[in-house]
Amino acid sequence: MAPRRVVILGATGSVGASAADVMRRHPDLFTPWAFVGHRNVARMQKLVEEFAPQHVVMTDPEAAQKLAAATGRHVQAGMEAAVALAGSDEAEIVVAAIVGAAGIPPTLAAVQAGKHVALANKECLVAAGRIFKEAAETSGAVILPVDSEHAAVHQLLAGVPRESVVRILLTASGGPFLHKPLAALAHVTPEEAVAHPNWEMGAKISVDSATMMNKALELIEARWLFDATPEMLGAVIHPQSVVHALVELADGSMLAQLAHPDMRAPVAYAMHPSPRLTTGIPRLDWTKADKLTFLPMDEERFPAMRLVRRVLQGPDAWAVGFNAANEEANAAFRARKIGFLDIVPIVARVLARMPEKDVRTLDEVWALDRLARAAAREEIARC
Ligand SMILES: NC(=O)c1ccc[n+]([C@@H]2O[C@H](COP(=O)([O-])OP(=O)(O)OC[C@H]3O[C@@H](n4cnc5c(N)ncnc54)[C@H](OP(=O)(O)O)[C@@H]3O)[C@@H](O)[C@H]2O)c1
167 MAPRRVVILG ATGSVGASAA DVMRRHPDLF TPWAFVGHRN VARMQKLVEE
217 FAPQHVVMTD PEAAQKLAAA TGRHVQAGME AAVALAGSDE AEIVVAAIVG
267 AAGIPPTLAA VQAGKHVALA NKECLVAAGR IFKEAAETSG AVILPVDSEH
317 AAVHQLLAGV PRESVVRILL TASGGPFLHK PLAALAHVTP EEAVAHPNWE
367 MGAKISVDSA TMMNKALELI EARWLFDATP EMLGAVIHPQ SVVHALVELA
417 DGSMLAQLAH PDMRAPVAYA MHPSPRLTTG IPRLDWTKAD KLTFLPMDEE
467 RFPAMRLVRR VLQGPDAWAV GFNAANEEAN AAFRARKIGF LDIVPIVARV
517 LARMPEKDVR TLDEVWALDR LARAAAREEI ARC
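Positions in the sequence shown are counted from 1; adding 166 to them yields my numbering.
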């Protein structure tokens, strides 16, 4: 079979690097067709030199100009170009790894066009889960999750009758502040929050791991990916990040998926689930002593987990608000405008201002997103 043409949305990011590595190892299966970045010209230049994709987009026009000058090749500018390529007849696999709500339009274009979508961008399902689900049902698109926890659940559910599944538990490392005295959390810096103990990730998601907002967003994502009720979903702290998810069955059995924490494994699975691909990740070695520990979720330390239960029970607008307010508060913390402990209360206050409605169109999502961001900025200014 000819190698399949791959679009990487967010090629210049951390998940983009993992997807590029999977392609580097399997040129017989994947051909780099279109790479999309935003502003990181130096990183895209390296990728272009190595992979020579047919199409290159920088969604930031200035970055597109700089890249064209540096490489002497045609570079498209703007999000419209990314949307057109993701939904193009020629694209076969789309890796959706743009961070934030900006990733929604090109990913939706890929889903509407019936592509095989390896979905890293969690905001798509958090803010527009109903729209993505309906679009995939209509087009026949395959959406495979890249998040290590959801990729694990996807593997664990294979072949398990639906009615046998009682609970889906995502694991959380606990982030850099799992054991820090609660009183000291008020003074932690963005640099400390970004220093994740197990995973190397982009800055936004690293801060989300420290607040546990990342797990909260993942629970909303899991609801759409696995058609799960809020009661079926939970999270448990597992500091080693070796067990990625657990599925409890009716007979009391619990299934677990284990792998060294390295995004190349879930990215490879989402791009090519069967047969499994080699990834170069270190293998788990049980001839050496090792310890896997689990702790119950501490909702005093991580109030995001309490808040998300309300969101899971509530209308779609609350999930849009939860996501948008978190993006604003996360960015404000990284810009040192607010403290670490302000993030979740700001999201909670924005949530209280959101209307009670479900969403059917992206226009409705954007209107609610704008409402939530404006409210979040007011709340940030008050801190
Ligand atoms: N990293 C992980 O281990 C991991 C695991 C699970 C899920 N995820 C999810 O995957 C997504 C990507 O995460 P990441 O860690 O790879 O993030 P990242 O390293 O910060 O990369 C983000 C990518 O998005 C691009 N981008 C940023 N703003 C954009 C905009 N306004 N328009 C278009 N493109 C934009 C960036 O381009 P430039 O760099 O060129 O500006 C970059 O390519 C997130 O939704 C995250 O939650 C990540």
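Built from N, CA and C at the ideal position, the CB exists for glycine as well. Computed from a predicted structure; not experimentally measured.
Apart from the five residues just before and just after G340, which ones in its own chain have a Cβ nearer than 6 Å to its Cβ?
On the sequence shown, position 174 is the one that residue 340 refers to. I403 and P405, listed in sequence order.
Sequence-distant residues of its chain with Cβ nearer than 6 Å to H282 (five each side left out)
As a first step, residue 282 is located in the sequence shown; it is residue number 116 there, counting from the start. Result list for H282: I259 and V308, in chain order.
Can you grab the Cα-Cα spacing for the pair H362 / H221, in whole Å?
Position 196 of the sequence shown, counting from 1, holds the residue named residue 362. Position 55 of the sequence shown, counting from 1, holds the residue named residue 221. Whole-angstrom Cα-Cα distance: 34 Å.
Among all the DSSP beta bridges, which residues are the ones paired with M420?
To locate residue 420, count along the sequence shown from 1; it is residue 254. M420 is bridged to E414.
Exposure label - L517; buried when at least 16 CB within 10 Å:
By 1-based counting over the sequence shown, the position of residue 517 is 351. Buried, by the Cβ-count rule.
CB of V181 to nearest heavy atom of ligand 1: below 7 Å?
Translated into positions along the sequence shown, residue 181 becomes position 15. Answer for V181: yes, Cβ within range of ligand 1.
Please list the terminal residues of the continuous alpha helix (DSSP H) segment that includes P511.
Along the sequence shown, read from residue 1 onward, the residue named residue 511 stands at position 345. Segment I509 to A518, the alpha helix (DSSP H) holding P511.
For I270 and V249, I'd like the C-alpha separation in whole angstroms.
On the sequence shown, residue 270 is found 104 positions in, with the first residue counted as 1. On the sequence shown, residue 249 is found 83 positions in, with the first residue counted as 1. Going by the C-alpha atoms only, they are around 10 Å apart.
Beta-ladder partner(s) of I309, from DSSP:
For the purposes of this step, residue 309 is identified with residue 143 of the sequence shown, where counting begins at 1. BP columns for I309 point to V283.
Nearest to V409 by CA position, among R526, A425 and L291, is which residue?
Here residue 409 corresponds to residue number 243 of the sequence shown, with the count starting at 1. Ranking R526, A425 and L291 by Cα distance to V409 puts A425 first.
Following a CB-centred definition, is M520 positioned closer than 7 Å to any heavy atom of ligand 1?
For this step, residue 520 is matched to residue 354 along the sequence shown. Not so, every heavy atom of ligand 1 lies at least 7 Å from the Cβ.
Environment of L385 [buried if 16+ CB atoms lie within 10 Å]:
One-based indexing of the sequence shown puts residue 385 at position 219. With 16 or more other CB atoms across the displayed protein chains lying within 10 angstroms of its CB, L385 is buried.
Near A302, what residues of its chain come up, given a Cβ to Cβ distance below 6 Å and the 5 sequence neighbours on each side ignored?
Here the question's residue 302 lines up with position 136 in the sequence shown. Cβ neighbours of A302 beyond the five flanking positions: V277 and I309.
Go ahead and pull the three-state DSSP assignment for A394.
The count along the sequence shown starts at 1 and reaches residue 394 at position 228. A394: coil per DSSP, three-state reduction.
State the CB to CB distance for the pair V129 and V373, rounded to an integer number of angstroms; the pair is presumed to be in contact (CB under 8 Å).
No information on residue 129 is available, as it lies outside the stretch 167 to 549 that the chain covers here.
Three or more C-beta pairs below 8 Å linking the segment 167–175 and the segment 198–216:
yes
Is there at least one non-hydrogen atom of ligand 1 closer than 7 Å to the beta-carbon of I386?
The residue you call residue 386 lines up with position 220 of the sequence shown. Ligand 1 never approaches I386 closely enough for any of its heavy atoms to be under 7 Å from the residue's Cβ.
The alpha helix (DSSP H) with T459 in it runs from where to where?
Here the question's residue 459 lines up with position 293 in the sequence shown. It is not in any alpha helix (DSSP H) - T459 carries neither H nor E in the DSSP assignment.
Does DSSP put P448 in a helix, a strand or coil?
By 1-based counting over the sequence shown, the position of residue 448 is 282. Three-state DSSP puts P448 in coil, outside helix and strand.
Ligand 1 and D313: does the residue's C-beta get closer than 7 Å to at least one heavy atom of that ligand?
The residue given as residue 313 occupies position 147 in the sequence shown. Checking every heavy atom of ligand 1 against the Cβ of D313, one is found closer than 7 Å.
Does ligand 1 have a heavy atom nearer than 7 Å to the CB of I371?
As a first step, residue 371 must be located in the sequence shown, where it is residue number 205. Indeed, a heavy atom of ligand 1 lies less than 7 Å from the Cβ.
With H, G and I counted as helix, E and B as strand and the rest as coil, what does DSSP make of I386?
As a first step, residue 386 must be located in the sequence shown, where it is residue number 220. I386 falls in the helix class under three-state DSSP.
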